[in-house]
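Just so you know, we're using the numbering used here here: the sequence shown kicks off at 145 and counts up by one. Backbone N, C-alpha and C define an ideal beta-carbon position, used for all residues, glycine too. Given the structure is predicted, the values throughout are model-derived calculations rather than measurements. What follows is a short report on a single structure.
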Amino acid sequence: MGLNVPWGQYGIHGTKYPWCVGKQNASHGCIRMHNKSAKELYDTIPHGTTVTIVQKNRPFKELKSGDVGSDVQKVQKALKKLGYFHDWPSGKFQDNLKKSVIKFQKDNNIKVTGKVNKSLYNLIMKKYEEKLGNG
145 MGLNVPWGQY GIHGTKYPWC VGKQNASHGC IRMHNKSAKE LYDTIPHGTT
195 VTIVQKNRPF KELKSGDVGS DVQKVQKALK KLGYFHDWPS GKFQDNLKKS
245 VIKFQKDNNI KVTGKVNKSL YNLIMKKYEE KLGNG
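Encoded structure:
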């Protein structure tokens, strides 16, 4: 079963390595299930169903060029609202986002790295929330 997100395509599928399910982070973004469970899900869930994936207690990882995902997309959306990012929020950390991050760092007197660490992420989100509150 395919999941389409702006930064790529992922799947929910079975595996020929069932001993790995739930024990190893061996996937590149897909959701691996036991074959019987994957078939049951396929037979039960209608095509087009919205899927929300929640990972509790996920540690923050520094965001940098080449990264992809919803965390990157969230930074793009926030920086767009703040007037730093001028492209479509694709969820891909490319040169356009790096330039936006560098400009934000310069404007806020933060060491320029072009990367988003936890403290920078928190600052971006704080300013984004303030902007949303003010319209």
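For residue i, does the three-state DSSP call read helix, strand or coil?
i: K270; result: helix
i: I246; result: helix
i: Q238; result: coil
i: V212; result: strand
i: G166; result: coil
i: N201; result: coil
i: V219; result: helix
i: L207; result: strand
Starting from residue i, follow the alpha helix (DSSP H) in both directions and report where the run begins and ends.
i: N261; result: Taken as a continuous stretch (DSSP letters only), N261 belongs to no alpha helix (DSSP H), as it is neither H nor E.
i: N179; result: N179 to T188
Is it right to say residue i is buried, meaning 16 or more other beta carbons lie within 10 angstroms of its own, or is it exposed?
i: Y161; result: exposed
i: V216; result: buried
i: F237; result: buried
i: G277; result: exposed
i: M269; result: exposed
When the Cα of residue i is compared with those of the options, which residue comes out closest?
i: K208; options: D251, N240, V195 and A222; result: N240
i: G258; options: G146, V245 and N201; result: V245
i: V260; options: D231, K218, H157 and G227; result: K218
i: K275; options: N253, K225 and K250; result: K225
Following the continuous beta strand (DSSP E) through residue i, name the residue where it begins and the one where it ends.
i: L147; result: G146 to V149
Is the CB of residue i under 8 angstroms away from at least one CB in chain B?
i: N201; result: You won't find chain B in this structure, because it holds only one protein chain.
When you compare the segment 178 to 192 with the segment 220 to 235, are there three or more beta-carbon pairs, one atom per stretch, that lie closer than 8 angstroms? no
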